[in-house]
Amino acid sequence: MIRRLLACLMLLSSPVVAQDVSDAGAAKLRVLDKLTGEVTDLTLSKGQSQAFGRLTVQMDDCRYYPDAPAADAFVHLTILDAASKDPVFNGWMTASSPALSALDHPRYDVWPLRCDVADIALPEVDDTQPADNSATTDGNGG
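Take a look at the structure:
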């Protein structure tokens, strides 16, 4: 029993191995207006900001794992609301788990989709097209 306890303590005291991350020059974000249902994708370069309704979203940094650039993104955002002098959000969001550190706003949601990595062409997804083009509008096959 003591050996197991010592083994656990040794494992816990060993340094944590950090994964390497790379910086990206831009990030793709999604913004939802909860009142109108409007969804907009923004691509922002590092330091760039863009207004969306009452919000101004600034992308400060975007980091990703070089081994799997499409797998996850870590984006530092500063989000301002025209109704407030202080930022309504200033911190890191994770694309795979945006709820861990989320914008708490009554009207808008903002979350990262991915880092834009220059060397890798990621496919664009068009949400407006139906998946099956063979469907008919009258339901009678014609």
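Reading the sequence shown from the start, the letters are residues 122 to 263 in this note's numbering. Even glycine gets a Cβ: it sits at the ideal position worked out from N, Cα and C. None of the values given here were measured: they were computed from a predicted structure.
Out of the options, state which residue places its alpha-carbon closest to the alpha-carbon of residue i.
i: Leu198; options: Gly158, Lys149 and Val142; result: Lys149
i: Asp230; options: Val209, Ala239 and Ala147; result: Val209
i: Cys183; options: Gly146, Gly212 and Asn211; result: Gly146
i: Met180; options: Ser217, Gly174, Pro187 and Arg151; result: Arg151
i: Val238; options: Lys167, Gln140 and Thr161; result: Lys167
i: Ser170; options: Val178, Thr164 and Leu163; result: Val178
Going by the DSSP bridge assignment, what does residue i pair with across the sheet?
i: Ser170; result: Gln179
Along the beta strand (DSSP E) that carries residue i, what are the first and last residues, could you check?
i: Pro233; result: Tyr229 to Asp237
i: Gly146; result: From DSSP, Gly146 is part of no beta strand (DSSP E); its letter is neither H nor E.
i: Val209; result: Unbroken run through Val209: none, as it is neither H nor E.
i: Val202; result: With the sequence shown as reference, residue 202 is identified as Asp, and Val is not the correct amino acid for it. Where Asp202 is concerned, the enclosing beta strand (DSSP E) stretches over Phe195 to Asp202.
Short check: CB of residue i to CB of residue j, under 7 Å?
i: Arg235; j: Ala194; result: yes
i: Met214; j: Pro233; result: yes
i: Ile200; j: Leu224; result: yes
i: Arg175; j: Ala203; result: yes
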